[in-house]
Amino acid sequence: MRFDRIKSRGRRGWLAAGVGVPVLVVTALLTGLALTPEAERAASPAATATPAPPAPSSAEQLPEETVPPAAPAPAGLPVITYDPAPAGFPDDPAALDTTPLTEGLHPTRKIAAYDAPGGRPIAYLAPTISEVEVTMPIADRRAGWTAVLVPSANRKLAWLPPGGFTTVPLRDQIVVERRQHRLTWYRAGRAVRTWEVSLGQRGQETPLGRTFVLGRTPPPQDVYGGVDIYALGAVPDDPDSVPDNLRGAHIGLHTWYHDGELGENTTNGCIRVTRSGQRELLAEVRPGSSVVVVEELPEPPPTA
627 MRFDRIKSRG RRGWLAAGVG VPVLVVTALL TGLALTPEAE RAASPAATAT PAPPAPSSAE
687 QLPEETVPPA APAPAGLPVI TYDPAPAGFP DDPAALDTTP LTEGLHPTRK IAAYDAPGGR
747 PIAYLAPTIS EVEVTMPIAD RRAGWTAVLV PSANRKLAWL PPGGFTTVPL RDQIVVERRQ
807 HRLTWYRAGR AVRTWEVSLG QRGQETPLGR TFVLGRTPPP QDVYGGVDIY ALGAVPDDPD
867 SVPDNLRGAH IGLHTWYHDG ELGENTTNGC IRVTRSGQRE LLAEVRPGSS VVVVEELPEP
927 PPTA
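For the sequence shown, counting from 1, position 137 maps to 763 in this note's numbering; every step adds exactly one.
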């Protein structure tokens with residue numbers, strides 16, 4: 627049997643744990659959390675000293691960009707967990723862009739995530755998902771707001787107003803080519819290593835687009851070759867296409883007990899690499915690092 631979902635001992639227990647932190651368990655964490663961030667006020671221009679010079683024409687006026695205020699978020703909004711994220715977040719307009727995302731965002735408290743700068747609040751982002759710290763790659767900045775890749779969703783962005791988070795540098799990126807069955811690890815924009823991988827079978831294809839390493843978990847079964855697993859922020863594009871025992875699972879990056887299927891489409895959407903390759907990625911690539919799945923790069927990486 628093939629298992630691409632990460633089991634725990636609890637009900638619907640799908641795991642993704644950070645290094646040295648508790649296992650990430652799929653449970654609903656929507657109760658007892660009702661913080662509402664205060665609305666951000668738009669910056670007001672400084673008073674003009676007197677006597678004032680003649681007012682410039684509209685063509686000469688260059689006012690500083692103001693920050694659109696954040697509408698108060700209702701206390702009843704859902705909190706994003708390991709379960710599929712709520713609908714309403716905007717599409718990632720650069721979903722297939724392989725430009726490295728070099729900065730990550732970690733919430734320091736529960737913060738509201740919006741569909742646009744100054745837009746509608748959709749859900750809350752918490753510092754952890756089932757006790758595992760979450761770092762999301764920063765995909766865009768606009769008018770004082772910051773856009774991140776949404777956990778537990780495919781090709782979606784969340785816009786965050788200023789405050790309530792810290793940022794960290796991200797030096798690594800993983801790019802997967804579906805047509806070539808190739809995974810390339812980049813550091814600071816330069817290709818370091820390339821591995822052949824197996825990917826999702828027909829109807830359960832590995833989802834295209836930008837996602838990220840959500841967390842790490844020990845292998846729950848011998849089929850994973852005794853090497854830890856990376857759970858990604860992505861989920862199956864068609865949740866109903868996967869076997870019943872994999873419903874609610876995330877896409878994983880892991881090894882397998884044999885390498886006979888490398889270069890083939892045999893998984894339930896996960897990315898399988900060699901044991902030595904997985905060990906190297908686990909040692910070098912931190913959670914929060916971006917992962918991009920494309921059909922094919924314009925040119926093969928220099929390590930291919």
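Note that CB positions come from ideal geometry on N, CA and C, so glycine has one too.
Contacts around residue i, its chain only, beta-carbon distance under 8 angstroms, and the 5 residues preceding and following it disregarded
i	result
R819	T810, W811, G903, E906, T929
I764	L727, E729, G730, L731, T772, A773, V774, T793
P865	P710, R873, G874
P845	G851, G852, V853, D854, I855, H880
P704	L656, P712, A749, Y750
D718	A765, L775, R781, K782, L783, G835, R836
Other residues of its chain near residue i: CB distance less than 6 angstroms, five sequence neighbours each side excluded
i	result
P716	D741, L783
R735	G790
T837	L858, G859, A860, V917
Y850	H880
M762	L731, V774, L775
A721	R781, G835, R836
A603	An answer regarding residue 603 cannot be provided, because it is not within the stretch 627 to 930 covered by the chain.
P862	V868, G895
E887	S824
Q799	P726, Y812, S916
P833	N780, A860, D863
Check whether residue i and residue j have beta carbons under 8 angstroms apart
i	j	result
N894	V868	yes
V774	L731	yes
P743	P694	yes
V758	V920	no
W785	G745	yes
N891	R828	yes
R808	V823	yes
E831	L923	no
R797	R816	no
Residue i, buried or exposed, once every other Cβ within 10 Å from all chains shown has been counted against 16
i	result
A898	Here residue 898 turns out to be Arg, not Ala, going by the sequence shown. Counting Cβ neighbours within 10 Å, R898 comes out buried, since at least 16 surround it.
Y750	buried
H884	exposed
A711	buried
P795	exposed
A696	buried
L908	buried
R842	buried
G702	exposed
G878	buried
Residues that DSSP places opposite residue i in a beta bridge
i	result
P733	F791
H880	R898
D717	K782
D798	R813
I855	T843
V920	E803
L825	N891
L751	I737
E759	T754
R808	E803, E822
V705	Y750
Proximal residues to residue i (C-beta, below 7 angstroms), its chain only, five neighbours per side dropped
i	result
T754	V760
R901	G851, V853, T881
P926	none
V839	Y856, L858, V911, P913, G914, S915, V917
G714	D741, I748
W821	L809, V899, T900, G903
Beta carbon proximity, residue i to chain D, threshold 8 angstroms
i	result
G790	Here chain D cannot be found, since the structure has a single protein chain.
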